[in-house]
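*Asks:* The structure is given below, and queries will be raised subsequently.
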Amino acid sequence: MKKVISVLMAVAMLFSVCMLAGCTDNTTNNNEETSTDEDVSLTATSGSMTATEGVLVMATNAAFPPYEYVEGGEFAGIDVEIAGEIAKKLNMKLEIKDIEFGSIVGGVQTGKFDMGMAGMTVTDERLESVNFSTSYATGIQVVIVAEDSAITSLDDLKADGSMKYGVQQDTTGDIYASDTVEKGGYGEDNVIRYKTGADAVQALIAGKVDAVIIDNEPAKSFVAANSGLKILDAEWAVEDYAICIAKENSKLLDAVNNALADLKADGTIDKIVAKYISAE
Ligand code: ARG
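Just add 58 to wherever you are in the sequence shown, counting from 1, and you've got the working numbering.
Take a look at the structure:
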């Protein structure tokens, strides 16, 4: 009898191990240490909204004044301050990672960072990889040229190889300018990509490019910081800035959208913007 019971118990134990582990032929991943799909969804619904509980990790590219830059060893700018207010509302500590602009979307998509905030334009292509919050600002792509340039309007910008355009790599200025003429660009061969907008502006000053295509507010900062440059009086493209968040992290997306709505309603965002951008 004892033997029968122990055999029964062994069968029962085997059965329950099978239940836990799935008991498929692929034994390598089927031990009790591996979390099942059930565990993952449990974490997603009951766990933290961020990779580290209580910490909101924001990826940015801090070479984009007045949205994000480094001053006296500290991060400053519109995005930095808005992110600080969002973190406060969510009861979290804000941690900023300064990386290449082109690495932000991928890093957010793979969960390396909780969100990306970098004067980032909402585009269809980026929406394939990440979600975006509601927009908190409008961005305008403009054209910077030398003060004495023969280029005086958008019509003077040629795609016949006689002109080179400087852009910050992986930005919408880069993406649109590199596009074909039929699609409103100047062709990849006529575009020179720089690591930062400031580098593109230095190339313009050095005569290596004929024009720089970049967002309006950074353009104003760069023109103010360097003599001999001007911004063409025209809008090359109008865009929406928003915060990108991993597609599966709808919890954080909702929380950020709620925080943004509050910060818009109580005038905080306007106040932050006014601190950095003087009304014209
Ligand atoms: N708005 C442009 C884009 O989304 C440029 C943003 C660049 N931002 C930065 N922090 N460097 O592509």
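Glycine included, C-beta positions come from ideal geometry on N, C-alpha and C.
Exposed or buried, which one is Thr179 when buried takes at least 16 other CB atoms within 10 Å?
*Replies:* Answer is buried; the Cβ neighbour count reaches 16.
*Asks:* Should Leu290 be labelled buried (16 or more other beta-carbon atoms within 10 Å of its own) or exposed?
*Replies:* Burial call: buried.
*Asks:* Is Leu114 helix, strand or coil when you go by DSSP?
*Replies:* The answer is strand: DSSP assigns Leu114 an E or B state.
*Asks:* Tell me, which residues are paired with Ile271 by DSSP?
*Replies:* Answer is Val201.
*Asks:* What would DSSP say about Asp298, mapped onto helix, strand or coil?
*Replies:* Residue state, collapsed to three classes: strand.
*Asks:* Determine, using beta carbons only, whether Val270 and Val259 come nearer to each other than 9 Å.
*Replies:* Yes, they are a contact pair.
*Asks:* Starting from Ile140 and walking both ways along the alpha helix (DSSP H), at which residues does that stretch end?
*Replies:* Segment Ile136 to Lys147, the alpha helix (DSSP H) holding Ile140.
*Asks:* How close, in whole Å, do the beta carbons of Gly231 and Val239 come, if the pair is a contact with beta carbons under 8 Å?
*Replies:* At roughly 16 Å, the Cβ-Cβ gap does not stay under 8 Å, so Gly231 and Val239 are not in contact.
*Asks:* Measuring straight from C-alpha to C-alpha, what distance separates Asp228 and Leu114?
*Replies:* Each residue's Cα considered, the two are about 24 Å apart.
*Asks:* Would you say Ala304 and Leu310 are within 9 Å of each other, going by their C-beta atoms?
*Replies:* It is a contact, given that the beta carbons lie within the stated cut-off.
*Asks:* Give every residue of the same chain whose Cβ lies closer than 7 Å to the Cβ of Tyr194, excluding the five residues on either side of it in the sequence, and list them in chain order.
*Replies:* Excluding sequence neighbours, Tyr194 sits near Ile140, Tyr299, Ala300, Leu318 and Ile327.
*Asks:* Classify Val188 as buried or exposed, calling it buried when 16 or more other Cβ atoms lie within 10 Å of its own Cβ.
*Replies:* It counts as buried.
*Asks:* Just verifying my parser: in three-state terms, what is the DSSP assignment at Ile327?
*Replies:* Helix.
*Asks:* Considering only heavy atoms of ligand 1, does any lie closer than 8 Å to the CB of Asp228?
*Replies:* Yes, the Cβ of Asp228 comes within 8 Å of a heavy atom of ligand 1.
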